[in-house]
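These notes concern the structure reproduced below.
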Amino acid sequence: MGERRLDRDFFDRPAHEVAPDLLGRVLVHGPVAVRLTETEAYGSPGEDPASHTYRGKTPRNSVMFGPPGHLYVYFTYGMHFCANLVCLPEGTGSGVLLRAGEVVDGLTEARGRRGDPVRDRDLARGPARLAVALGFGREHNGLDVCGPGEPQIFEGSPPAVFHAGPRTGVSTGAQTPWRFWIGNEPTVSPYRAHVPRRRSYPSGESVP
DNA sequence: CTCTGGATGATCT
DNA sequence: GATCATCCAGAGA
1 MGERRLDRDF FDRPAHEVAP DLLGRVLVHG PVAVRLTETE AYGSPGEDPA
51 SHTYRGKTPR NSVMFGPPGH LYVYFTYGMH FCANLVCLPE GTGSGVLLRA
101 GEVVDGLTEA RGRRGDPVRD RDLARGPARL AVALGFGREH NGLDVCGPGE
151 PQIFEGSPPA VFHAGPRTGV STGAQTPWRF WIGNEPTVSP YRAHVPRRRS
201 YPSGESVP
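In this text, residue positions in the first sequence follow this note's numbering: the first is 1, and each later residue adds one.
Below is the structure:
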């Protein structure tokens, strides 16, 4: 039980339906397995201003417009990778950001992928840390989790109940309650509102 | 625990 | 040139 894999039809639904259904599922890549405890849905072009696909297809987001059940891995903040699972049929652009999980296998490898010691519950607590734990980088963008090779995703054991709330760290569309998580889970990342940053002074303002 | 600011480069306007 | 689906260290309560 719980060892069957999710099939492609599972992902052939709107991201906000797939995202809560991914809770408790187990993503496996090499020796490391992560049980998903927190996910976020991102919608199709024009409907969700927070989605990478909001303004249409670009080289970066092209995988999101491909068939469902594939990994969309992107690089952000000049140092982090984040992983998504593509939803809806080819030609539509949406997906689910894998925000956090519990490392249930391959603890030694997951610990070794970090340059510093952290508590085990923090190994995949947050989307960039989850990507590190699973060893995801550019080369994994576009891989099929429903195909014969790795990574693979298993049914696991979905929770009886879950929580929903606003998405973390997004600058627009933050009001949409498309973040989902399992209650009383130490591996769920803390909520953070988006913080606008200014690296230089805008033209027209004086510099102190 | 919470809050703040820096790091760092690809991406898009 | 501005922004960014983040993380970390440091300070304070």
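Every residue, glycine too, gets a C-beta built ideally from N, C-alpha and C.
In the DSSP output, which residue or residues are listed as bridge partners for residue i?
i	result
ASP144	HIS70
VAL18	The partner list for VAL18 (beta bridge, DSSP) is empty, contrary to what the question assumes.
HIS29	VAL32
TYR153	The residue asked about is misnamed: residue 153 is Ile in this sequence, not Tyr. Answer is LEU27.
HIS163	TRP181
TYR42	GLY95
ARG5	PHE154
Could you tell me the alpha carbon to alpha carbon distance between residue i and residue j, rounded to whole angstroms?
i	j	result
LEU107	SER157	20 Å
PRO190	VAL26	21 Å
LEU23	MET79	27 Å
PRO14	GLU38	17 Å
THR168	HIS194	7 Å
GLY204	ARG198	Note that GLY204 has pLDDT 42, beneath the 50 cutoff, so the model's placement of it is unreliable and the number below is only indicative. Going from the Cα of GLY204 to the Cα of ARG198 covers about 14 Å.
ASP9	GLU90	12 Å
ALA41	GLU109	29 Å
HIS52	VAL28	25 Å
Which whole-angstrom value is the C-beta distance of residue i and residue j, which I expect to be below 8 Å?
i	j	result
GLY95	ALA124	The pair is not a contact, with the Cβ atoms about 18 Å apart (cut-off 8 Å).
PHE154	GLU3	6 Å
ARG97	VAL145	The residue asked about is misnamed: residue 97 is Leu in this sequence, not Arg. The pair is not a contact, with the Cβ atoms about 15 Å apart (cut-off 8 Å).
PRO159	ARG179	Their Cβ separation, rounded to whole angstroms, is 15 Å, which puts PRO159 and ARG179 out of contact at 8 Å.
CYS87	PRO68	5 Å
GLY66	GLU150	About 18 Å separates the two Cβ atoms, so there is no contact after all.
PRO177	ALA164	5 Å
| field | Residue ranges of each alpha helix (DSSP H) within the stretch 49–133, 4 or longer | value | 107–112
| said: Taking 8 Å as the cut-off, does the stretch 111–120 touch the stretch 41–61 (at least 3 CB pairs, one atom from each stretch)? | reply: no
| For the 8 Å Cβ check, are there 3 or more pairs between the stretch 135–142 and the stretch 59–75? | Contact between the stretch 135–142 and the stretch 59–75 is present: three or more C-beta pairs spanning the two stretches fall below 8 Å.
| query | Do three or more CB pairs link the stretch 126–133 to the stretch 48–65 at distances below 8 Å? | reply | No, because fewer than three Cβ pairs between the stretch 126–133 and the stretch 48–65 fall closer than 8 Å, the two stretches do not touch.
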